[in-house]
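> My questions all concern the structure below.
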Amino acid sequence: MNTIFTLPEASTQAARVDGIFAILVVVSALTLALVFGLLVTFAIRYRRGSKAKRGRLPEIVNREFEVSWTAATLFLFAFLFWWAASADVGALTAPANALEVHVLAKQWMWKTQHSNGAREINELHVPIGKPVRLVMTSQDVIHSFFVPAFRIKQDVLPGRNTETWFKATKLGVFPLFCAEYCGTDHSAMRGRVTVMSEDDYTRWLSRQPEGDDLAHLGAKLFVSQGCSGCHAGSSSVHAPKLDGLYGRTVQLSDGRQVKADDAYIRDSILQPKRDVVAGFEPIMPSFAGLLDDGDVQSLTAYIRSLGQEQDHE
Numbered sequence: 001m002n003t004i005f006t007l008p009e010a011s012t013q014a015a016r017v018d019g020i021f022a023i024l025v026v027v028s029a030l031t032l033a034l035v036f037g038l039l040v041t042f043a044i045r046y047r048r049g050s051k052a053k054r055g056r057l058p059e060i061v062n063r064e065f066e067v068s069w070t071a072a073t074l075f076l077f078a079f080l081f082w083w084a085a086s087a088d089v090g091a092l093t094a095p096a097n098a099l100e101v102h103v104l105a106k107q108w109m110w111k112t113q114h115s116n117g118a119r120e121i122n123e124l125h126v127p128i129g130k131p132v133r134l135v136m137t138s139q140d141v142i143h144s145f146f147v148p149a150f151r152i153k154q155d156v157l158p159g160r161n162t163e164t165w166f167k168a169t170k171l172g173v174f175p176l177f178c179a180e181y182c183g184t185d186h187s188a189m190r191g192r193v194t195v196m197s198e199d200d201y202t203r204w205l206s207r208q209p210e211g212d213d214l215a216h217l218g219a220k221l222f223v224s225q226g227c228s229g230c231h232a233g234s235s236s237v238h239a240p241k242l243d244g245l246y247g248r249t250v251q252l253s254d255g256r257q258v259k260a261d262d263a264y265i266r267d268s269i270l271q272p273k274r275d276v277v278a279g280f281e282p283i284m285p286s287f288a289g290l291l292d293d294g295d296v297q298s299l300t301a302y303i304r305s306l307g308q309e310q311d312h313e
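Each residue of the sequence shown is one higher than the one before, starting from 1 at the first, in my numbering.
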């Protein structure tokens with residue numbers, strides 16, 4: 001059976017996780033050895049019938065030593081907690097130059113789509129040394145995207161987007177599992193991540209069947225679902241304009257402010273009366289049941305591209 005000591009270390013996250021794990025094991029082992037060592041020493045030294053001196057300890061041992069030992073232990077473990085937590089929190093946000101891959105989980109398979117429209121099932125090809133940001137959602141129940149060699153595991157939830165990212169450091173093929181019991185064939189929900197050199201990845205990507213990327217698919221949905229009738233720049237309907245929206249702060253009618261990120265856009269499509277923009281009436285219909293998770297991902301990508309175009313201009 002594989003353990004953390006025998007699994008390949010194939011990403012930058014894996015090196016960090018293994019380092020934290022090793023230091024925690026060493027510190028815990030030393031603390032355990034010290035406590036049990038003192039316990040055994042005192043049990044032998046002060047056993048019944050021994051001639052060891054007994055009596056009140058010096059006042060300095062009773063007070064200063066006990067306070068110092070307790071404080072040192074507290075500060076040590078507070079530092080370890082801060083160090084490990086800061087490393088984990090710092091790893092939550094993908095670098096700005098990361099490749100974006102959308103992942104759709106369903107019973108019982110992983111469907112992935114690259115930014116150029118290339119699609120895979122139970123497969124994910126990525127280049128070595130390049131950050132990869134995974135934007136994930138589930139079509140049915142809770143799943144969990146788990147690549148042991150990368151030391152990444154992220155729940156994939158229905159009705160919302162979750163994210164994780166990694167940067168592969170070793171070429172090869174690495175198993176992908178679902179780490180959340182998701183039904184009868186949970187154990188069969190497997191895949192693999194293939195890490196390739198950058199040149200091989202470019203050649204592989206160019207050989208994939210041509211297809212619209214997510215933003216172009218979203219643009220078609222934007223028209224076919226009638227969104228352009230209200231939200232297009234030329235529309236006469238009093239509705240929020242979407243150019244440059246993504247990433248900005250939106251003022252809501254109830255006084256709150258929210259950031260226009262993936263979660264906000266998803267909620268605005270499926271629950272439009274939840275966060276109504278200030279100055280607008282709650283007249284947008286809900287598209288829940290009309291659009292699946294893949295459609296919502298595509299529309300989100302399209303709206304994000306409008307923001308990027310606006311920033312570029």
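From the three backbone atoms N, C-alpha and C, an ideal C-beta is built for every residue, glycine too.
Please read all numbers here as calculations on a predicted model, not as lab measurements.
1) Do D293 and T137 have their beta-carbon atoms positioned less than 7 Å apart in this structure?
2) According to DSSP, R119 sits in a beta bridge with which residue or residues?
3) Take S144 as the anchor and find which of I128, S305, E163, R54 has the nearest alpha-carbon.
4) Could you check the C-alpha separation between D311 and W82 for me, to the nearest Å?
5) Can you tell me which of P175, R190, T202 puts its alpha carbon nearest to the alpha carbon of Y181?
6) Looking at the unbroken alpha helix (DSSP H) that takes in D267, where does it start and where does it end?
7) Counting only the same chain and skipping the five closest in sequence on each side, list residues whose C-beta sits under 8 Å from that of V276.
8) Are the CB atoms of G226 and Q107 within a distance shorter than 7 Å?
9) Just to confirm the assignment, what range does the beta strand (DSSP E) spanning T137 have?
10) Please report the straight-line C-alpha distance between V132 and V223, rounded to a whole angstrom.
11) In chain order, what are the residue ranges of uninterrupted alpha helix (DSSP H) at least 4 long that sit wholly in the segment 150–207?
12) Closest to V89 by CA distance: which of G229, W165, K220, D267 is it?
13) Compute the Euclidean distance between the alpha carbons of A33 and V25, then round it to the nearest angstrom.
14) For C230 and D243, I'd like the C-alpha separation in whole angstroms.
15) Please state whether the Cβ-Cβ distance between T112 and V126 is less than 7 Å.
16) Under 7 Å between the Cβ atoms of G334 and L299?
The short version:
1) For the purposes of this step, residue 137 is taken as residue 137 along the sequence shown, with counting starting at 1. For the purposes of this step, residue 293 is taken as residue 293 along the sequence shown, with counting starting at 1. For T137 and D293, yes; Cβs fall inside 7 Å.
2) For the purposes of this step, residue 119 is identified with residue 119 of the sequence shown, where counting begins at 1. According to DSSP, which records beta bridges pairwise, R119 is partnered with Q113.
3) Indexing the sequence shown from 1 puts residue 144 at position 144. Ranking the options by Cα distance to S144, first place goes to E163.
4) For the purposes of this step, residue 311 is taken as the residue at position 311 of the sequence shown. For the purposes of this step, residue 82 is taken as the residue at position 82 of the sequence shown. Only weak support exists for where D311 lies, its pLDDT of 44 falling under 50; the value from the coordinates is given anyway. Taking the straight line from one Cα to the other gives about 37 Å.
5) Start at 1 with the first residue of the sequence shown, and residue 181 comes out as number 181. Residue R190 is the option with its Cα nearest to Y181.
6) Taking the sequence shown and counting its residues from 1, the one referred to as residue 267 is at position 267. Run containing D267: 262–270, per the alpha helix (DSSP H) assignment.
7) Walking along the sequence shown from the start, residue 276 turns up at place 276. Here the set comprises L252, S253, D254, P282.
8) In the sequence shown, counting from the first residue as 1, residue 107 sits at position 107. In the sequence shown, counting from the first residue as 1, residue 226 sits at position 226. Going by C-beta atoms, Q107 is not nearer than 7 Å to G226.
9) As a first step, residue 137 is located in the sequence shown; it is residue number 137 there, counting from the start. From DSSP, the beta strand (DSSP E) with T137 extends over 131–138.
10) Indexing the sequence shown from 1 puts residue 132 at position 132. Indexing the sequence shown from 1 puts residue 223 at position 223. If you take the alpha carbons of V132 and V223, they lie about 30 Å apart.
11) 198–207
12) Position 89 of the sequence shown, counted from the first residue, corresponds to residue 89. For V89, the nearest C-alpha among the options comes from W165.
13) To locate residue 33, count along the sequence shown from 1; it is residue 33. To locate residue 25, count along the sequence shown from 1; it is residue 25. Whole-angstrom Cα-Cα distance: 12 Å.
14) Locating residue 230 in the sequence shown gives position 230, counting from the first residue. Locating residue 243 in the sequence shown gives position 243, counting from the first residue. Going by the C-alpha atoms only, they are around 13 Å apart.
15) Locating residue 112 in the sequence shown gives position 112, counting from the first residue. Locating residue 126 in the sequence shown gives position 126, counting from the first residue. Cβ distance not < 7 Å, so T112 and V126 don't count as in contact.
16) The requested residue 334 does not occur in the structure, where the chain is confined to residues 1 to 313.
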